[in-house]
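*Asks:*
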Amino acid sequence: MMSDDQTLTEVPHRSNTATWVVLAVVAALFLAWVLFLRPEISMKRATEGPGVGQPLVALDLQPLTGTTDGLTLDSLRGKVTLINFWGTWCPPCLREFPHMVELWDEFRDKPDFKFVSVSSTFDAPENVEDVRQKTAQFLRSRSTAMPTYIDANGATRQLVASVLGTPSLSYPTTILLDRAGIVRATWTGYESGYEHQMEKLVAQLLSEK
Numbered sequence: 034m035m036s037d038d039q040t041l042t043e044v045p046h047r048s049n050t051a052t053w054v055v056l057a058v059v060a061a062l063f064l065a066w067v068l069f070l071r072p073e074i075s076m077k078r079a080t081e082g083p084g085v086g087q088p089l090v091a092l093d094l095q096p097l098t099g100t101t102d103g104l105t106l107d108s109l110r111g112k113v114t115l116i117n118f119w120g121t122w123c124p125p126c127l128r129e130f131p132h133m134v135e136l137w138d139e140f141r142d143k144p145d146f147k148f149v150s151v152s153s154t155f156d157a158p159e160n161v162e163d164v165r166q167k168t169a170q171f172l173r174s175r176s177t178a179m180p181t182y183i184d185a186n187g188a189t190r191q192l193v194a195s196v197l198g199t200p201s202l203s204y205p206t207t208i209l210l211d212r213a214g215i216v217r218a219t220w221t222g223y224e225s226g227y228e229h230q231m232e233k234l235v236a237q238l239l240s241e242k
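Counting from 34, one number per residue, gives the positions in the sequence shown under my numbering.
(1) Would you mind sorting THR98 into buried or exposed? The rule is 16 or more other CB atoms within 10 Å of its CB.
(2) Kindly indicate which three-state DSSP category VAL122 falls into: helix, strand or coil?
(3) Would you kindly work out how many angstroms separate the C-alpha atoms of PHE130 and SER240, rounded to a whole number?
(4) Which residue from LYS77, GLY103, TYR223 and THR80 puts its Cα closest to that of ILE183?
(5) Based on Cα-Cα distance, which residue from THR221, HIS229, GLU228 and GLN237 lies nearest to ARG252?
(6) Below 8 angstroms CB to CB, which residues in the same chain sit around GLU135 once its five sequence neighbours on both sides are set aside?
(7) Whole angstroms is fine: what's the gap from SER203's alpha carbon to THR52's?
(8) Indicate whether LEU89 and GLY214 have their beta-carbon atoms separated by less than 8 angstroms.
(9) For ASN233, which of THR181, LEU115, ALA188 and ARG175 has the nearest alpha-carbon?
(10) Any contact of the region 191 to 203 with the region 159 to 168, i.e. 3+ C-beta pairs under 8 angstroms?
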């Protein structure tokens, strides 16, 4: 027969064991969410969200820094294209920027890939010289010569916003086009891990001939 002293000793022990089991299960579920479920949900949001599957019917960008050539949709035909709208004034853009440079550097030698960095403000038309000066200064501070472009009259940003089903463009916004100019993925704002999704999808589209 169990004494009262034994009962008092063993009940807290069982209680502590149960607590640790529950904590272990919660930790395992959280780890599964972080490693598998959250990235999967985020990737689906990028590849199945508004605008995906639609063509970008026009694009008109002017050279800003590091290039003298503007861009139209025709000049991007046959290329996998990642277009990133950002601003030097935008905190999430600045957090994202180093990853954009890494993507540009990784794929820049691929003749059938184009990274399009569009330095922007909320203005339309843009003060081109002011944006050029601030962008050039920012790029020097980050030790990169990545070419940038500007949407001087705001038409391209408005078109992209309409494709995404929003009244105006948020920053940063990134869209991925396939060789036919069809939107294959979109990212609005910045979350850690977006750059890995972009890298994976760009490589996937480049492998499709």
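The beta carbon of each residue, even a glycine, is placed where N, CA and C say it ideally should be.
*Replies:* Judging by the given coordinates:
(1) The residue in question, THR98, is buried, as its Cβ has 16 or more Cβ neighbours within 10 Å.
(2) The displayed chain sequence assigns Trp, not Val, to residue 122. Judged by DSSP in its simplified three-state form, TRP122 adopts coil rather than helix or strand.
(3) A direct Cα-to-Cα measurement between PHE130 and SER240 gives close to 25 angstroms.
(4) In terms of Cα proximity to ILE183, the closest of LYS77, GLY103, TYR223 and THR80 is GLY103.
(5) Beyond the ends of the chain as shown, which are 34 and 242, falls residue 252; an answer cannot be given.
(6) Listed in chain order, the non-local C-beta contacts of GLU135 below 8 angstroms within the same chain comprise GLU228, local neighbours out to five positions each way being set aside.
(7) If you take the alpha carbons of SER203 and THR52, they lie about 45 angstroms apart.
(8) Against a cut-off of 8 angstroms, the Cβ pair of GLY214 and LEU89 comes out as a contact.
(9) Position check: residue 233 holds Lys in this sequence, whereas Asn was assumed. Out of THR181, LEU115, ALA188 and ARG175, the CA that lies nearest to the CA of LYS233 is found in LEU115.
(10) Contact fails between the region 191 to 203 and the region 159 to 168, because fewer than three Cβ pairs, one in each stretch, are under 8 angstroms apart.
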